[in-house]
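Below is one structure, written out as structure tokens; comments come after it.
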Amino acid sequence: DEVVDNAVIEQISRGNCFAINHELEVELAEELVNLIPCAEMVRYAKCGGEACSIAVRIARGATGRDRILFCGYHGWHDWYLAANLDAAGALNQHLFSGIEPIGVPQALSETSVPFPYGDVNALGELLDRYKGTVAAIIMEPCRTEHPPEGYLQAVRKLADEHDVVLIFDEVSTGFRHGVDGVQTVLGVVPDLAVFAKSISNGYPMGCVVGKRDVMESASRMFISSTYWSDTIGMRAALTTLREIRRRNVPQQLHQFGARLQQEINKVAAATGAPVECYGVEVHPSLRFSPADPADMQKISTLYVQEMAKRGCHGYPSFYLNAAQGEAEMQQTLAAAAEVFTILRETSESGDWDAKLECELRTDAFQRLVK
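In case it helps, our numbering puts the sequence shown at residues 1 to 370.
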């Protein structure tokens, strides 16, 4: 974005690393506190995984407990990968299969326990089982689908009943659903929230925000890094947040995504393709239904391959941004019309090998465990 880039370029000319606190630290903190419902204090970081680790440390310090209950993807740090010390497949439904917790101390066994999204009873059972030992519940409030009605409210209630810190990982949802994150839209306010990625429009920056009574525990800890006060990321974040609000970017994304879903489904119906576009408007996804369910990976791979040939980086999940407009919409729909026809024909014939020109698609992170 030209506005953000120009602000960063100007900041570079003024300097980016100082021996004392910079006014941008205060200015950005005030912006975040004014925007985000749960934000009364702020701690900075450089990426989402790092910010999640800070949030977990703060929650442990505030409660004096060690155990973390989690749902979703929250980075690569020891506290998270420790889940696979107890059960080799614990992270399968939250990250991907095949992760070995190599280098993670065995002493962290049973300190991180996963729970399934949308299942209040499962979470309640874990809180009862580990009563008095749980420091925090950390979760993505939503990603590609809307949460079940009343689910997050029930999670909030359970956290309160068990005196557990509730952390929302908004690295993916932050500032897509609303200018203040997802908390107002979903009607649930956590104790802590983590932001990165869209907060600074691609420049390295992240933060933990939260309620004062929880965040104050950080003042008793050693949580520090040379580059957390880097002014480039702060300038990018401050400018991005103001531009998101000025342009009402979440509204743009909702409108664009709703139309994309509608038009993609029209193309699917017209071509007879076994494809459906579904989910939250700001992060729509594709659901494939090949004639043989065993061909799911093949149809997904063929979709990516054929969309790429037509100039579209077409993963089955759309991460929308405000730079996309009518030209990108039309290019996507034109490509989809051709590709969906190929998907239907191949699904009916079952002749995937004749069409596929690459290895079968896997999760992008799978390369790290091969």
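Glycine is no exception: its CB is placed at the ideal position from the N, C-alpha and C atoms.
Beta-carbon proximity of residue i to residue j, cut-off 7 Å
i, j, result
"residue 298", "residue 352", "yes"
"residue 137", "residue 69", "yes"
"residue 176", "residue 253", "yes"
"residue 127", "residue 162", "yes"
"residue 135", "residue 60", "yes"
"residue 301", "residue 361", "yes"
"residue 340", "residue 267", "yes"
"residue 214", "residue 62", "yes"
"residue 32", "residue 209", "yes"
"residue 293", "residue 46", "no"
"residue 236", "residue 4", "yes"
"residue 284", "residue 261", "yes"
"residue 65", "residue 130", "no"
"residue 186", "residue 241", "no"
Cβ neighbour criterion (16 or more within 10 Å) applied to residue i
i, result
"residue 306", "buried"
"residue 50", "buried"
"residue 140", "buried"
"residue 358", "exposed"
"residue 369", "Confidence at residue 369 is low in this model, with a pLDDT of 48, below 50, so its placement is unreliable and the value that follows should be read with caution. Looking at its Cβ environment, which holds fewer than 16 other Cβ atoms inside 10 Å, residue 369 is exposed."
"residue 280", "buried"
"residue 190", "buried"
"residue 22", "buried"
"residue 26", "exposed"
"residue 346", "buried"
"residue 119", "exposed"
"residue 231", "buried"
"residue 367", "Note that residue 367 scores a pLDDT of 47, beneath 50, so its modelled location is shaky; the value from the coordinates is reported in the next line. Residue 367 should be labelled exposed."
"residue 14", "exposed"
"residue 288", "buried"
"residue 103", "exposed"
"residue 18", "exposed"
"residue 80", "buried"
Those residues which DSSP pairs with residue i across a bridge
i, result
"residue 192", "167 and 210"
"residue 277", "286"
"residue 139", "71 and 168"
"residue 317", "285"
"residue 112", "68"
"residue 179", "181"
"residue 134", "67"
(request) Mind listing, in chain order, the continuous beta strand (DSSP E) runs of no fewer than 3 residues lying wholly within the stretch 1-70? (result) With a minimum length of 3 residues, the continuous beta strand (DSSP E) runs that stay inside the stretch 1-70 are 41-45.
(request) Decide yes or no for the touch test of the stretch 197-212 against the stretch 261-275: beta carbon pairs closer than 8 Å, at least 3 of them. (result) The stretch 197-212 vs the stretch 261-275: no contact.
(message) Closer than 8 Å is the cut-off here; do at least three beta carbon pairs connect the stretch 72-86 with the stretch 105-123?
(response) Flag = yes, the stretch 72-86 and the stretch 105-123 touch.
(message) Using 8 Å as the cut-off, can you tell me whether the stretch 216-230 makes contact with the stretch 242-253, which would need three or more C-beta pairs spanning the two stretches below that distance?
(response) The stretch 216-230 is not in contact with the stretch 242-253.
(message) Quick check on the DSSP output: what are the complete alpha helix (DSSP H) runs of length 4 or more inside the stretch 218-253, in order along the chain?
(response) Here the runs fully enclosed are 231-247.
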